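Residue numbers for the sequence shown follow full-length UniProt numbering, so the first one is 1 and each next one is one higher. Contents: one structure, followed by commentary.
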Amino acid sequence: MAAGAGGDGGGELKLLGTWASPFVQRVRLALNLKGLAYEFIEEEIGGGKSELLLASNPVHKKVPVLLHRSNPICESQVIVQYLDDAFPGGAAGGDLLPSDPQARAGRGFFNLFLGGFVGSIARVRHGGSAWRCSTPGRTPLLVAWAERVAALDAARGVIPDVERVVELSRYARKK
1 MAAGAGGDGG
11 GELKLLGTWA
21 SPFVQRVRLA
31 LNLKGLAYEF
41 IEEEIGGGKS
51 ELLLASNPVH
61 KKVPVLLHRS
71 NPICESQVIV
81 QYLDDAFPGG
91 AAGGDLLPSD
101 PQARAGRGFF
111 NLFLGGFVGS
121 IARVRHGGSA
131 WRCSTPGRTP
141 LLVAWAERVA
151 ALDAARGVIP
161 DVERVVELSR
171 YARKK
């Protein structure tokens, strides 16, 4: 278990996840950008699921799951919106999503589209997304964006090392 960044959240936030999940990375980045303190409870990759995970997400049995005052919130997009609603401004003094409903809906569509196709920032930075299209020559703006996100203080400790992700991918392919 590792403590997250930030100073607010009142010790009430726990995040169940794995280091490699881009969906967990999205939530951890959101928590850090809002300056919220949280406890990261790491689940095994490819191993058995913890009793806490099974009890918190009995339908899908997957991460991420945010526990706020022991109440589970599942699915990364739902969690990010919840964090904006439950902690307006956050300790860092900013919101993640636009306050205008139409702009928020547009951003939500973009996030779903981007999250569904890009995968993790580490894979984009390495050029190993599912499409094999995220290379500086083919998608320079996407790769530049991934580099900027990875350079944020809030991303430190969240975005995994590229080599670690590549090693996990190679291991998974062998299985």
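The C-beta atom is built at its ideal place from N, Cα and C for all residues, glycine as well. Every value quoted in this text rests on a predicted model; they were computed, and no experiment measured them.
Query, Result
"Where does serine 129 fall in DSSP's three states?", "Low per-residue confidence applies at serine 129: pLDDT is 43, beneath 50, and the placement is therefore not dependable enough to give any value."
"Check this for me: beta carbons of valine 78 and leucine 16, under 9 Å apart or not?", "no"
"Let me check understanding here. Comparing Cα to Cα, which of Ile73, Arg173, Gly157, Asp153 lies closest to alanine 55?", "Ile73"
"Is valine 162 helix, strand or coil when you go by DSSP?", "helix"
"Whole-angstrom Cβ separation of leucine 96 and lysine 174, contact assumed at under 8 Å?", "With a Cβ gap of about 38 Å, leucine 96 and lysine 174 do not count as contacting."
"Beta-carbon within less than 8 Å of glutamate 163's beta-carbon, same chain only, minus the 5 sequence neighbours each way: which residues are those?", "none"
"Report the rounded CA-to-CA distance for leucine 13 versus histidine 68, giving the unit in angstroms.", "5 Å"
"Expressed to the nearest angstrom, what Euclidean distance is found between the alpha-carbon atoms of alanine 30 and serine 169?", "25 Å"
"Going straight from the alpha carbon of alanine 144 to that of glycine 137, what length do you get?", "11 Å"
"In three-state terms, what does DSSP make of isoleucine 79?", "helix"
"Which ranges does the beta strand (DSSP E) cover as unbroken runs of at least 3 residues, wholly within the region 38-97, from first to last along the chain?", "39-42, 65-68, 71-74"
"When you compare each of Ser50, Ala172, Pro140, Gly157 to valine 27 by their alpha carbons, which one comes out closest?", "Gly157"
"Going by DSSP in three states, glycine 35 sits in which element: helix, strand or coil?", "coil"
"List the DSSP bridge partners of leucine 15.", "Phe40, Leu66"
"So, helix, strand or coil for aspartate 100, using DSSP?", "coil"
"Grouping DSSP H, G and I as helix and E and B as strand, with all else coil, what is alanine 20?", "coil"
"Who are the Cβ neighbours of lysine 49 in its own chain at under 8 Å, not counting the five residues just before and after it?", "Glu43, Lys61"
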